[in-house]
Amino acid sequence: MIPRLQPKVTLALPAIGFFQRLVEAGFEGDIETGPASRTVFSTDNSIYQLEPTGILFPRGVEDLQHLASVLAEPTFRGISIAPRGGGTGTNGQSLTSGVVVDCSRHMRSILEIDPVRRVARVQAGVVKDQLNQALKPYGLFFAPELSTSNRATIGGMISTDACGQGSCLYGKTSNHILGLRIVLVDGSDFWSRPLDAEALDEIVAGKDRVGEIHRTVERITREKRDRITEVFPKLNRYMTGYDLAHVRRDDGCFDLNAVLCGSEGTLALIAEAELNLLPIPAHAALINIRYGDFNTALEDARDLAALKVASVETIDEKVLGLARRDIVWTGIARFFPDEPDAVTDGINIVEVLADDEEELERKLSEVTAALDAGISTRHAGYTIARGHAEVEAIWSMRKRAVGLLGNVEGPVRPVAFVEDTAVPPENLAAYIREFRALLDGAGLSYGMFGHVDAGVLHVRPALDLTRDAHVRLVREISDAAVTLTRKYGGVLWGEHGKGVRSEYVPEFFGDLYPCLQEIKRAFDPDNRLNPGKIATPSSEALTKIDDVPLRGDTDRIIGNQIRSAFDNAAYCNGNGACFDFDETSPMCPSYKATRDRRFSPKGRAALMREWLMLLAENGIDPRDEATRLRRSAPLASLARRAFNSLSPANRDDFSHEVRAAMETCLACKACAGQCPVKVSVPAFRSKFLELYYGRYLRPLKDPLVAAIETTLPLVQRIRPAYNMVVGTRVGRRLMRVVGLTSLPRLPQISLAKEAARLGVPLATAQTIEALSPGERQRSVVFVADSFTAYFDPDVALAAIVLARKSGFSPLLAASHVNGKALHVHGYLGRFADAAQRTAGYLQQLDDAGMTLVGLDPSMTLAFRSEYKGMLKAAVLLPQEWLAANLDRLAASPSVVKGNSFRLMPHCTERTNAPASVAQWQKIFESLGIDLQVAQTGCCGMAGTFGHEARNRPISERLYAMSWKPEVDAAGDTDILMATGYSCRSQVKEIDAKRIPHPFQVIAGIISETSEVPQL
134 MIPRLQPKVT
144 LALPAIGFFQ
154 RLVEAGFEGD
164 IETGPASRTV
174 FSTDNSIYQL
184 EPTGILFPRG
194 VEDLQHLASV
204 LAEPTFRGIS
214 IAPRGGGTGT
224 NGQSLTSGVV
234 VDCSRHMRSI
244 LEIDPVRRVA
254 RVQAGVVKDQ
264 LNQALKPYGL
274 FFAPELSTSN
284 RATIGGMIST
294 DACGQGSCLY
304 GKTSNHILGL
314 RIVLVDGSDF
324 WSRPLDAEAL
334 DEIVAGKDRV
344 GEIHRTVERI
354 TREKRDRITE
364 VFPKLNRYMT
374 GYDLAHVRRD
384 DGCFDLNAVL
394 CGSEGTLALI
404 AEAELNLLPI
414 PAHAALINIR
424 YGDFNTALED
434 ARDLAALKVA
444 SVETIDEKVL
454 GLARRDIVWT
464 GIARFFPDEP
474 DAVTDGINIV
484 EVLADDEEEL
494 ERKLSEVTAA
504 LDAGISTRHA
514 GYTIARGHAE
524 VEAIWSMRKR
534 AVGLLGNVEG
544 PVRPVAFVED
554 TAVPPENLAA
564 YIREFRALLD
574 GAGLSYGMFG
584 HVDAGVLHVR
594 PALDLTRDAH
604 VRLVREISDA
614 AVTLTRKYGG
624 VLWGEHGKGV
634 RSEYVPEFFG
644 DLYPCLQEIK
654 RAFDPDNRLN
664 PGKIATPSSE
674 ALTKIDDVPL
684 RGDTDRIIGN
694 QIRSAFDNAA
704 YCNGNGACFD
714 FDETSPMCPS
724 YKATRDRRFS
734 PKGRAALMRE
744 WLMLLAENGI
754 DPRDEATRLR
764 RSAPLASLAR
774 RAFNSLSPAN
784 RDDFSHEVRA
794 AMETCLACKA
804 CAGQCPVKVS
814 VPAFRSKFLE
824 LYYGRYLRPL
834 KDPLVAAIET
844 TLPLVQRIRP
854 AYNMVVGTRV
864 GRRLMRVVGL
874 TSLPRLPQIS
884 LAKEAARLGV
894 PLATAQTIEA
904 LSPGERQRSV
914 VFVADSFTAY
924 FDPDVALAAI
934 VLARKSGFSP
944 LLAASHVNGK
954 ALHVHGYLGR
964 FADAAQRTAG
974 YLQQLDDAGM
984 TLVGLDPSMT
994 LAFRSEYKGM
1004 LKAAVLLPQE
1014 WLAANLDRLA
1024 ASPSVVKGNS
1034 FRLMPHCTER
1044 TNAPASVAQW
1054 QKIFESLGID
1064 LQVAQTGCCG
1074 MAGTFGHEAR
1084 NRPISERLYA
1094 MSWKPEVDAA
1104 GDTDILMATG
1114 YSCRSQVKEI
1124 DAKRIPHPFQ
1134 VIAGIISETS
1144 EVPQL
């Protein structure tokens, strides 16, 4: 039995008083000070870990003003704050031991879109892709491109002056800022906009803080003009934050926003922004060029950029190899074909944009002509992707490159600390050769990719920061990178901000650093805003790269064996792909429904990692505890578990914090498929729940849910009584008492009886032995899961009809326990026993040469994940089976004519079987049907999740996000289909509509091809 785990840090009294005073002052946002929230916000996408005192989630500019006013009170002079956007910073920009201010939960409104002026006004928490989604109907977009665009907030982009691919064409965030609404440390609410000479004179004359700030910046930029010109490098990725070189604009205006953009929250709190918008390019194409080595790709990239293309991106062999194993590869593999006699160790992706097709083809011809003759004959070939859909698919691979570098085995993994150096593009190849020599000399592996047209290189050396020798390398490589970038006329921080690397600021700014201190002093004289970053107001020290605690400090306590045993929880690198704002994206449904970062894969991984560390500090190996637990009788520990559950001494057990986060997980496995690092929450969640409920009592619903597969045959015998319980008000109230709700009724039809009537045998050893080799080849065994078999038997019956019409002899798998419900709820010992029995049975069928086909995607894919290591046999998804037998399908034209067909896939198959959706489209195409695939997220049911009373509000919220609009929009001639049983059940429960499985639709429209003998 695991012990009670005491959180490490408690709040100091001044901090407690601060949060109470905020409420009294009128702060209406959320305030979180619990150990779970502090743990989750202690990391970002960097190598550092620093636990904050608390987290604030303001609801608007008024809350930011209340915050500033309370901070100014003498009692709280010792408290500092740090703004946080998407939380994906690679250099600890938003990490603090003070108070985090996160605008992403509530301040995410798009306040105004003016398509005529091409201006948008947004709150700081709006996500970039969210904004562009709203702008698309107007033909406009917000230009700076980022790999994290689906979770990066506008406030965060401004704070780091973010940019990425295409920056030579579109510039940085600061190039598109028209105005910033900021809150200063004294509570002043001020709109910063470019000022002409008259307006500047007026504001400089002011006696308030706004006047003082403008006087300071105006004087410095006037008096130090020549020195500023000398110090600031002439780069596309110029010096961000306190950017004195661009305060005086070419049109003569004075623009304070040049100082604010990239200031990382050290000067003011950003509340709103006015943004300049651009027209969406009408036509786009990518030329994907393959090379035998990375250096050749780099050398050619400079010549390609000279052709005035929109952008040039270079990727090395390591990133490319990781991408080949990623979920996105299926959709883009044709653009990067494998050469039988050549190895691709580098690629250049060249972007071409145009206003019309003729212009696009002309530009493409210029580049391809240069490739074929002029620039280089050293490439191994190229392909062209045309149209926004193909272009976006390839860019999505490039966007995932940073995260993919973390998807390796073992404790030595690529990490970020020198990953955004920038030098003049003409110096890039020479610079990279020296940089690679530096890393090779240290014996390190690494991945490289970059915006070569802008002279930016992304590199992550592979380190294990639990090793002292590797920790020392962070300092050695950082110092060497500073020397190298200065040698080649560049900067250490070309894209991802300074953050913890601020100790190098004086070296780059030289004698202008005191000017930065003056500016900091004008904005924040007491050093309350993200102290230690970029500049300090007086003699305070800047943050140093080896003075901030590392993640490796925690990982060292856990140990590598434990880290590797818990499904990448401890290896989450914080890239934040699970914070995707898009409601139609599968990942992560619980985060989308709650906006609580604890309830995301990153949050749960952070909590699990902390939990493992606390166990290790108590001398507990969770693997040994799990083994002991499985060997013991549950009743033997009942009294002790009951005491632990009731004892007040256990109220602050950190395990409760972890359980609260795990309870909201839908176990949809979107994280296992879509996370670049393959963090699998359902897998480590099950391991946690097993140990947690070895110490505490389970809720009443758990044993009922866990036993559902074994009790359904009995329940079917008393079907009327069961239906009365789940179908009456009294019965439903009774079910809610035990924690269950929205339970489906059992239909009158029995799959077993109907199969017997149709002459469909069970796939037993005796039945199989009686078949000839030819009969076995024509046979197919449908592995019907318990939920489909008992609650939706029409799907299995449709499969039988479809098989016979297609010339197959169908059989049904014998009754078996899949065990998914056991696994989800942490009954891992019972799951292992059931899975071994079922795996043995299915393997026997496979060994006999039988084709096995599942019906429900989630249950079928369990045979590939939860059964890994137990089952070698392949249980095919329905579409995998049909796609291999297209020649047997022929549609009846009269059925197809006049109808539209739309598929709503289960999120597990969409994210864990990447080819599955395309296979369905191929199947329907063979029937003469253009199958449309609905872009939906999770339906909210997710197996048993939506049937648990505590989860029902989240379940219904998720359904309303993306499923309900699709269901409501379906007309009389629209045939809407869903592959998942739980999805169809959710539609029936909420909208009282029955939507079919694709098997049911296909069985009704195909013609019979041959007579099949009865077995």
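Just so you know, we're using our numbering here: the sequence shown kicks off at 134 and counts up by one. C-beta atoms are modelled at their ideal positions from N, C-alpha and C, and glycine is treated no differently.
Asked	Found
Terminal residues of the continuous beta strand (DSSP E) containing Asp322?	322-325
Helix or strand or just coil, what does DSSP make of His379?	helix
Excluding the five sequence neighbours on either side, which residues of its own chain have a C-beta within less than 7 Å of the C-beta of Asp553, listed in chain order?	Val589, His591, Trp626, Gly627, Glu628, His629
Bridge partners for Ser912 per DSSP, in chain order?	Ser942
In the DSSP output, which residue or residues are listed as bridge partners for Asn481?	Ile422, Thr447
Might you give, ordered along the chain, the residues of its own chain that have their beta carbon closer than 7 Å to the beta carbon of Lys496, omitting 5 neighbours on each side?	Val485, Ala487
List the endpoints of the continuous beta strand (DSSP E) containing Phe712.	Element bounds for Phe712: n/a, residue is neither H nor E.
Can you look up Ala1006 in the DSSP assignment and give me helix, strand or coil?	coil
Name, in chain order, the residues that DSSP records as bridge partners for Arg593.	Gly580
Mind listing, in chain order, the continuous beta strand (DSSP E) runs of no fewer than 3 residues lying wholly within the segment 788-864?	none
Leaving out five residues on either side along the sequence, give the residues of the same chain with a beta carbon under 6 Å from the beta carbon of Ala1111.	Met1037, Arg1117, Ile1128
Can you tell which of Asp573, Ser498, Phe275 has the C-alpha that lies nearest to the C-alpha of Ile243?	Phe275
Nearest by alpha-carbon distance to Leu431: which of Glu397, Ile482, Asp383 is it?	Ile482
Taking Leu328 as part of the alpha helix (DSSP H), name the residues at either end of that continuous run.	First-last for Leu328: undefined, no H or E at that position.
Please determine, among Pro558, Asp657, Arg684, Arg566, the residue with the shortest C-alpha to C-alpha distance to Asp601.	Arg684
Taking Ser788 as the reference, give the member of Pro815, Ser765, Lys811, Leu745 with the closest Cα.	Leu745
In whole angstroms, what is the alpha-carbon distance linking Phe656 and Ser875?	56 Å
Are three or more beta carbon pairs between the segment 183-203 and the segment 806-823 nearer than 8 Å?	no
Use the C-beta contact count for Thr172: other C-beta atoms within 10 angstroms, 16 or more gives buried, fewer gives exposed.	buried
How many whole angstroms separate the CB atoms of Val442 and Val500, which I take to be in contact at a CB cut-off of 8 Å?	6 Å
Given His1151, which residues of its chain have a CB within under 7 Å of its CB, disregarding the five upstream and five downstream residues?	Lying outside 134 to 1148, the shown extent of the chain, residue 1151 is not represented and no answer is given.
Taking three-plus beta-carbon pairs below 8 Å as touching, is the segment 603-611 in contact with the segment 518-538?	no
I'd like to know whether the C-beta atoms of Leu837 and Leu873 end up nearer to each other than 8 Å.	yes
Mind checking whether Tyr515 and Asp478 have CB atoms under 8 Å apart?	no
For Arg533, count neighbouring C-beta atoms within 10 Å of its own C-beta (all shown protein chains included) and say buried if the count is 16 or more, exposed if not.	buried
In angstroms, rounded to a whole number, what distance separates the CA positions of Met290 and Tyr303?	14 Å
Rounding to the nearest angstrom, what Cα-Cα distance links Leu572 and Ala917 in this structure?	54 Å
Is Ile565 helix, strand or coil by DSSP?	helix
Using the rule of at least 16 other Cβ atoms within 10 Å of the residue's Cβ for burial, across every protein chain shown, is Glu1042 buried or exposed?	buried
How should Asn1032 be labelled, buried or exposed, when 16 other C-beta atoms within 10 angstroms of its C-beta is the threshold for buried?	exposed
Could you tell me how far apart the beta carbons of Gly543 and Val364 are, in whole angstroms, since I believe they sit closer than 8 Å?	Contact doesn't hold; Cβ gap of about 43 Å is too wide.
Which one of Ile1139, Gly219, Gly806, Ile690 has the shortest CA to CA distance from Gly752?	Ile690
Could you check how far apart the C-beta atoms of Gln1054 and Leu1064 are, in whole angstroms? I think they sit under 8 Å.	5 Å
Under a three-way DSSP split, which group does Tyr515 fall into?	strand
I'd like the span of the beta strand (DSSP E) that includes Met530, first residue to last.	Looking at the DSSP string, Met530 is not in any beta strand (DSSP E); the run it does join, the alpha helix (DSSP H), is 520-532.
Taking DSSP as the reference, what is the three-state secondary structure of Glu1144?	For Glu1144, the pLDDT reaches just 38, beneath the cut-off of 50, and the residue's location in the model is therefore unreliable, leaving the point undetermined.
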